[in-house]
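Letter by letter, the sequence shown follows residues -32 to -1, 1 to 287 of mature numbering (1 follows the signal peptide of the UniProt record, and there is no 0).
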Amino acid sequence: MHSRQLDARAPMWQHLLPAVIFSLLSIAPLHAEVVDLTPHYNASPALSIISSSSISSSSVTAVGMYAAATVPAFVDPYLDGYATANVTAQIGTHAYLPCRVKQLGNKSVSWVRVRDGHILTVDRAVFIADQRFLALKQPDKFWTLQIKYVQARDAGAYECQVSTEPKVSARVHLQVVVPRTEIVGGPERLVKAGSTVVLRCIVRGALEPPTFIMWYHSTEQITGDSVRYRTQVDRNIPDIEGDSHSTTGSLIIESAKKRDNGNYTCSPSNSPSVTVMLNVINGESSASAVTSSAPVRKAYTACILAMLFSIIIIGGHNT
C-alpha cells in the first residue's frame, strides 16, 4: 500500500487537523472596531480596546484568539459651575435655583435649606409640606429647585448636594426683593366740592414695573368706563432715589362730590396696596372751619400746659 495512504485505524480529527490549521492561517486579517460607550462624558472613553485598527493573522493561534481591554474607568459626579451663586427674585414671583450635575450615574441630588437643615427634595421627591417647593429635572443636566410665589421668609442660603462620598455640594443664596408702594401727599386728602382730584401712588424697588395698577373706592373696583374717574400709569419715571423702575399710578376724579368721600386703594400687580382717605367739603365756609380748627387745637394745648405749670409752681411754694 502507498506510504501516504491514510491509516484507517487513526481517529478522524487527526486527519482534519492540518487542514484546519492551514485555513486559519490563510484567512484575511481580523478587524476590531474601537467603540466609545460613554459619548456624553467629557472625559476619556470608559472602555477602549487596546489594539491597532486590526488584529493580524499572525496573532491567531490554534489555541484561540483574544483582544485585551481596559477596565472601565469610574468618574465621580461633579458640579459644573461656581461653588456659590446668587439669585434675586421679587416677592410673589417664582424663583429658580440652578444646580448642574454632570456624570451623576446612580447618585442622588438633594436640596437642603441651610438655615434649619431641612431636606426639601431628593431627586424629584419632595420632603416638605410646603407645596411651593418643587425639584425640576431640566435639559443640560440641571437639577433646579423651584420656589413658587416667593415670600420674604424664603430669603437665605440653599444647598445642592450630590450623594457621593465625600459629599459634593454647592450653595445658592436667594435674595427676595420687596417693592414698596407710597401715596403721594400722605394718607389723607381734603378737597373742595367741584374740584378735580388727582390721587397718586408710586411703586419703588421693583425688579420689573407692575403690569397693572388697580384702584378701588372702598371695596368697589374703579373701571375704565366710569364717566368721572380716569386712571393713568407712568412707568420707569426717574426719581430722587435713582430707582429705574419707579412707576406712578394716578386716579383722576372730575368734579368731586360728597359721595366721593371714602377710602381709595392703590393696588399694583407686584407690590403691596396702599390706601388714602378722601374728604370732600362744600364751599368756603366749610373749608375755613376745617382749616381754623388747627389754631383752636394749638390754643387749647397751650392753655393746658399753662395750667400744669401753675400747679407745679403752687405746689413748690406749699412745700
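We put the beta carbon where it would ideally sit given N, CA and C, even for glycine. Note that the structure is predicted; figures quoted are calculated from it, not measured.
Which residue wins for smallest C-alpha separation from valine 244, given the options Ala125, Arg172, Gly230, Glu133? Gly230
Is it a yes or a no for the region 181 to 198 touching the region 126 to 146, going by three-plus beta-carbon pairs under 8 Å? no
What residues match up with glutamine 106 in a beta bridge as DSSP calls it? Phe110
Between valine 151 and cysteine 234, how many whole angstroms is the CB-CB distance? I'm expecting something under 8 Å. Correcting the residue identity first, residue 151 is isoleucine in this sequence and not valine. The pair is a contact, with the Cβ atoms about 7 Å apart (cut-off 8 Å).
Where does the unbroken beta strand (DSSP E) through asparagine 247 begin, and where does it stop? 242 to 249
The region 163 to 172 / the region 112 to 126 touching (three or more Cβ pairs under 8 Å): no
Separation of serine 237 from isoleucine 181, as counted between CA atoms: 6 Å
Answer yes or no: do arginine 81 and tyrosine 126 have a C-beta to C-beta separation smaller than 7 Å? yes
Which residues in the same chain have their Cβ closer than 7 Å to the Cβ of alanine 123, if we skip the five residues on either side of it in sequence? Leu142, Gln143, Val144
Cβ neighbours of glutamine 129 in the same chain (closer than 8 Å, five flanking residues each side left out): Val77, Ser78, Trp79, Val80, Lys135, Val136, Ser137
Who are the Cβ neighbours of arginine 196 in its own chain at under 7 Å, not counting the five residues just before and after it? Ile221, Glu222, Ser223
Are valine 118 and threonine 149 closer than 7 Å when you measure CB to CB? no
Would you call glycine 217 buried or exposed, if buried means 16 or more other Cβ atoms sit within 10 Å of its Cβ? buried
Alpha carbon of asparagine 250 to alpha carbon of valine 159, nearest angstrom: 9 Å
By the three-class DSSP mapping on this structure, what secondary structure does residue 290 have? A query on residue 290 cannot be resolved here, the shown segment of the chain reaching from -32 to 287 and no further.
On a CA-only basis, which of Arg198, Val55, Ala97, Lys225 is nearest tyrosine 64? Give me that one, please. Val55
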